[in-house]
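Participant: The structure that follows is given in the form of structure tokens.
In our numbering, the protein residues as written are 2 to 225.
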């Protein structure tokens with residue numbers, strides 16, 4: 002007798018276990034058109050909208066869906082409840098949106114994928130870096146190199162939400178550094194789970210552009 006595989010959300014039996022979701026839960030994930038500059042919902046796909054901050058220093062942002070149930074439930078389990086086995090399911094949602102966004106607004110694919118690093122103590126406590134798990138799956142499917150150690154995180158930064166622009170910059174100041182000897186890439190993609198204020202990613206982009214990176218894409222599961 003063959004084993005029965007169930008949907009991660011509703012636990013219905015599924016025929017394609019690699020997807021992790023049944024067709025009902027897949028369709029329940031909300032992913033309307035959005036601005037590919039800031040990730041906010043828009044009537045149609047666009048590169049920049051009136052809500053884009055002038056501080057954003059990347060060329061394109063892609064998100065798998067809105068931060069609402071059931072996607073938010075999956076992300077919460079993945080990030081905070083040791084559900085590292087959800088990496089393929091969540092990465093697949095992001096992969097589908099990358100392909101969809103490329104049809105809507107053509108862009109060149111990156112030469113390398115870089116996950117947002119965790120501070121070493123937090124990674125040790127959690128046991129894994131969720132962004133790195135996503136990046137590894139995407140790199141395998143897209144056949145793009147993943148660089149997990151190109152950028153180093155030196156300190157744990159508290160949440161940026163509620164801070165002023167000046168406070169966010171102070172909070173993230175000195176949090177990252179690049180390795181002295183790094184390969185030179187022109188196009189990169191930064192992978193994270195959830196986009197919040199953008200301060201962390203902006204600091205990473207700033208560092209990458211000091212070493213000659215010209216185009217940066219942000220790939221996230223959702224934005225707040």
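We put the CB at the ideal spot given by N, CA and C, even for glycine.
Because the structure is a prediction, the values reported are computed rather than measured.
Note the first and the last residue of the continuous beta strand (DSSP E) segment covering residue 25.
Facilitator: Residue 25 -> not in any beta strand (DSSP E); alpha helix (DSSP H) instead, spanning 24-29.
Participant: Bridge partners of residue 224, per DSSP?
Facilitator: 196.
Participant: For residue 14, list the residues DSSP reports as bridge partners.
Facilitator: Bridge partners of residue 14: 7.
Participant: With a threshold of 16 other CB atoms inside 10 Å of the CB of residue 83, please say whether the residue is buried or exposed.
Facilitator: With fewer than 16 Cβ atoms within 10 Å of its Cβ, residue 83 is classed as exposed.
Participant: What did DSSP end up calling residue 205 once you bin it into helix, strand or coil?
Facilitator: Of the three classes helix, strand and coil, the one that applies to residue 205 here is helix, per DSSP.
Participant: Using the three-state DSSP reduction, which class does residue 133 fall into: helix, strand or coil?
Facilitator: Looking at residue 133 - three-state DSSP - the assignment turns out to be helix.
Participant: Relative to the C-alpha of residue 111, which residue among 140, 16, 224 is closest?
Facilitator: Per the Cα distances, 140.
Participant: Taking its Cβ as the centre, do 16 or more other Cβ atoms sit within 10 Å of residue 17, making it buried, or is it exposed?
Facilitator: Residue 17 should be labelled exposed.
Participant: Leaving out five residues before and five after residue 202 in sequence, what residues of the same chain have Cβ atoms less than 8 angstroms from its Cβ?
Facilitator: Answer for residue 202: 59, 117, 191, 193, 196, 219, listed in chain order.
Participant: Residues in its own chain within less than 7 angstroms of residue 133 by CB, not counting five upstream and five downstream?
Facilitator: If we look at residue 133 and ignore the five residues flanking it on each side, its Cβ neighbours are 116, 149.
Participant: For the candidate residues 48, 157, 68, 39, whose alpha-carbon lies nearest to that of residue 56?
Facilitator: When only C-alpha atoms are compared, the closest one is 39.
Participant: Starting from residue 73, trace the alpha helix (DSSP H) in both directions and tell me its first and last residue.
Facilitator: Looking at the DSSP string, the run of the alpha helix (DSSP H) that includes residue 73 is 72-81.
Participant: Is the segment 71-81 close to the segment 172-186, with three or more CB pairs under 8 angstroms?
Facilitator: No, the segment 71-81 does not touch the segment 172-186.
Participant: Considering Cα atoms alone, identify which of 124, 26, 47 is closest to residue 36.
Facilitator: The candidate whose alpha carbon is nearest that of residue 36 is 47.
Participant: Which first and last residues belong to the beta strand (DSSP E) in which residue 154 is found?
Facilitator: Unbroken beta strand (DSSP E) run through residue 154: 152-154.
Participant: Residue 21 and residue 90 look like a contact to me (Cβ under 8 angstroms); what is the Cβ gap, rounded to whole Å?
Facilitator: Indeed they touch by this definition, with Cβ atoms about 3 angstroms apart.
Participant: Out of 85, 13, 81, point me to the one whose CA is closest to residue 136's CA.
Facilitator: Minimum Cα distance to residue 136 is reached at 85.
Participant: In the structure shown, what three-state DSSP assignment does residue 190 receive?
Facilitator: DSSP places residue 190 in strand when its eight states are reduced to three.
Participant: Mind checking which residues open and close the beta strand (DSSP E) that includes residue 145?
Facilitator: Run containing residue 145: none; DSSP gives neither H nor E here.
Participant: Where DSSP assigns a beta bridge to residue 52, which residues make up the other side?
Facilitator: In the DSSP output, where bridge partners are listed per residue, residue 52 has none listed.
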